[in-house]
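Participant: Structure in structure tokens, see below.
In full-length UniProt numbering, the protein residues as written are 1 to 482.
The structure is reproduced here in structure tokens:
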């Protein structure tokens, strides 16, 4: 190939130096304990290319040396002051003494050489490594289907891809007791729970992988490397395929559940549609009945039509009469309300008067003046009788009863009767008048007049002052009667 072809090819397709160096930091868990075990140790990088790995190791305290067969690549190394020589990998290994380097690395080299040379390279690396030293071989990962079927062949010097299980087996077979596959450079979003598609299964597997082998050493020296050798790196084809299948199963389950819900909704819709059809049929039947009724009503409307104006006029008159009646009703209602208010006020005044009368009748002064009212009433009646000429006849009527009773009592006593008759014979006129009174008195006497309620009060119920007034009035009346 022409000079500088590989340098131009890597500049375009491999990526910029900062990107490559950031990717190479994936090996830090391995080389960090190694520099602690062998400070400033030598490293041999086979197929060093542009020298990104040499630069990184130098920054971390190693003394790396690179070899390559491309002058363009070596020029890139020398431009940065890196130690790089023009020679092939096997020759460089064979020139090294036993147990002379802490690490042998080969980045994207094994896919460029025949497989038997790969085996020889691994065996020579085991010889030149210090106890606990590391062999790192990175290569395209054919487990990534796009890489194995397409992008691997972008480099015309590639022979054939090497599956990771094969390269790991060769490493162990050559005598490395500890070896591990590291899958590298996969997309970061594949480590999240985000859904993946089929393209991720085809192209999402780690596009590169490395086999890291460690030469045997005392357990104390190997202990510092236990963690990185136990850590899983990258994503394999089976990981993505299983994840995609589980995701697809969930989607299918959700899809079937959705289909079931849709079918259920369709069944319910069909039932509703059937009910709607029945409802439409009922409505149609009702419409037909209404149409028939309209047909029957049309002749009636034709007959009633000429009278419609008269009916409207009568309706207007009835409305006016109803309005007048409502107005009259409102007026009457107003009068009734006013009358009710007046009645209510009269009832209130009557209740107040009843209360005053009840209080007056129940008062002590009313009871105390009862005899006085009786005397005043008697005097009023006597004056009325005198003015009207009824005084003599009234006195006679009131004295006739006691006189008849007295004469009857005398007649029941013979001795008294004889004495009275002897006396009356001396006064014939008086005898005749008494006899007439006695004869008229044989009729049943009229019932005595009922006592006035005003006379029912007892003097014992009066106060001392009122009793004194009562006795004075009584004595005055008795003296007047005498």
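We put the beta carbon where it would ideally sit given N, CA and C, even for glycine.
The beta strand (DSSP E) that contains residue 107, what's its start and end?
Facilitator: In the chain shown, residue 107 corresponds to position 107, counting from 1. It spans 101 to 107 - the beta strand (DSSP E) in which residue 107 sits, taken as one unbroken run.
Participant: Hey, which unbroken runs of the beta strand (DSSP E) at 3 residues or more fall wholly within the region 130 to 204?
Facilitator: The qualifying runs are 178 to 184.
Participant: Where do the ends of the beta strand (DSSP E) carrying residue 18 lie?
Facilitator: Within the chain shown, the letter at position 18 stands for residue 18. Per DSSP, residue 18 belongs to no beta strand (DSSP E); it is in the alpha helix (DSSP H), 17 to 24.
Participant: How big is the Cα-Cα spacing for residue 457 and residue 336?
Facilitator: By one-based count along the chain shown, residue 457 stands at place 457. By one-based count along the chain shown, residue 336 stands at place 336. A caution first: residue 457 carries a pLDDT of 46, below 50, which makes its placement in the model unreliable, though a value can still be read off. Rounded to whole angstroms, residue 457 to residue 336 spans 47 Å at the Cα level.
Participant: Applying the criterion that 16 or more other CB atoms from any shown protein chain within 10 Å of the CB defines a buried residue, is residue 164 buried or exposed?
Facilitator: Here residue 164 refers to the residue found at position 164 when the chain shown is read from its first residue. Under this definition residue 164 is a buried residue.
Participant: With a cut-off of 8 Å on the beta carbons, I'd call residue 103 and residue 134 a contact; round off their distance for me.
Facilitator: Your numbering for residue 103 matches position 103 in the chain shown. Your numbering for residue 134 matches position 134 in the chain shown. Confirmed, Cβ separation roughly 5 Å.
Participant: To the nearest angstrom, report how far apart residue 147 and residue 109 are at their CA atoms.
Facilitator: Counted from its first residue, the chain shown places residue 147 at position 147. Counted from its first residue, the chain shown places residue 109 at position 109. Each residue's alpha carbon lies about 16 Å from the other.
Participant: Using C-beta distances below 6 Å, list every residue in its chain close to residue 446, excluding the 5 sequence neighbours before and after it, in chain order.
Facilitator: Within the chain shown, numbered from 1, the residue matching residue 446 stands at position 446. Reliability fails at residue 446, whose pLDDT of 43 lies under 50, so the model's placement of it is uncertain and the value that follows must be treated cautiously. For residue 446, where only same-chain residues beyond five positions count, there are no Cβ hits under 6 Å.
Participant: Considering only their Cβ atoms, is the gap separating residue 128 from residue 106 smaller than 8 Å?
Facilitator: Here residue 106 is taken as the residue at index 106 of the chain shown, counted from 1. Here residue 128 is taken as the residue at index 128 of the chain shown, counted from 1. In this structure, residue 128 does not lie closer than 8 Å to residue 106 by Cβ.
Participant: Using a Cβ-Cβ cut-off of 8 Å (strictly less than) and excluding sequence neighbours within five positions of residue 42, which residues of its own chain qualify?
Facilitator: For this step, residue 42 is matched to residue 42 along the chain shown. 62, 63, 64, 65, 100, 101, 102, listed in sequence order.
Participant: Please state the DSSP three-state secondary structure of residue 81.
Facilitator: For the purposes of this step, residue 81 is taken as the residue at position 81 of the chain shown. If DSSP states are grouped into helix, strand and coil, residue 81 belongs with coil.
Participant: Helix or strand or just coil, what does DSSP make of residue 214?
Facilitator: The residue given as residue 214 occupies position 214 in the chain shown. Strand at residue 214.
Participant: Could you work out which residue in 180, 252, 111 is closest to residue 156 when comparing CA atoms only?
Facilitator: Working through the chain shown from its first residue, we reach residue 156 at position 156. Closest option to residue 156, Cα to Cα, is 111.
Participant: DSSP three-state call for residue 224: helix, strand or coil?
Facilitator: As a working note, residue 224 is residue 224 in the chain shown. Looking at residue 224 - three-state DSSP - the assignment turns out to be coil, as it is neither helix nor strand.
Participant: Report the rounded CA-to-CA distance for residue 120 versus residue 174, giving the unit in angstroms.
Facilitator: In the chain shown, residue 120 corresponds to position 120, counting from 1. In the chain shown, residue 174 corresponds to position 174, counting from 1. If I take the Cα positions, the gap works out to 9 Å.
Participant: Quick check: the Cα distance between residue 319 and residue 354, rounded to an integer number of angstroms?
Facilitator: Position 319 of the chain shown holds residue 319. Position 354 of the chain shown holds residue 354. Roughly 51 Å separates the two Cα atoms.
Participant: So residue 420 is in the alpha helix (DSSP H); what residue range does that whole segment cover?
Facilitator: Along the chain shown, read from residue 1 onward, the residue named residue 420 stands at position 420. Residue 420 -> alpha helix (DSSP H) spans 414 to 424.
Participant: If you draw a straight line from the alpha carbon of residue 464 to that of residue 410, how long is it in whole angstroms?
Facilitator: One-based indexing of the chain shown puts residue 464 at position 464. One-based indexing of the chain shown puts residue 410 at position 410. About 43 Å.
Participant: State the beta-bridge partners of residue 208 as determined by DSSP.
Facilitator: Taking the chain shown and counting its residues from 1, the one referred to as residue 208 is at position 208. Answer is 140, 184, bridged to residue 208.
Participant: Return the residue from the list 38, 296, 9 that minimises the CA-CA distance to residue 50.
Facilitator: Translated into positions along the chain shown, residue 50 becomes position 50. When only C-alpha atoms are compared, the closest one is 9.
Participant: Can you list, in chain order, the residues of its chain whose CB lies under 7 Å from that of residue 166, leaving out five sequence neighbours each side?
Facilitator: The residue labelled residue 166 in the question sits at position 166 within the chain shown. Within the same chain, residue 166 has no close Cβ partners at all.
Participant: Buried or exposed for residue 73, going by 16 or more other Cβ atoms inside 10 Å?
Facilitator: Residue 73 sits at position 73 when you count from the first residue of the chain shown. Buried, since its Cβ has 16 or more Cβ neighbours within 10 Å.
Participant: So residue 204 and residue 187 are in contact, right, with Cβ under 8 Å, and what is the actual spacing, rounded?
Facilitator: Looking up residue 204 in the chain shown gives position 204. Looking up residue 187 in the chain shown gives position 187. Right, their Cβ atoms sit about 6 Å apart.
Participant: From what residue to what residue does the alpha helix (DSSP H) around residue 434 run?
Facilitator: By 1-based counting over the chain shown, the position of residue 434 is 434. It spans 428 to 440 - the alpha helix (DSSP H) in which residue 434 sits, taken as one unbroken run.
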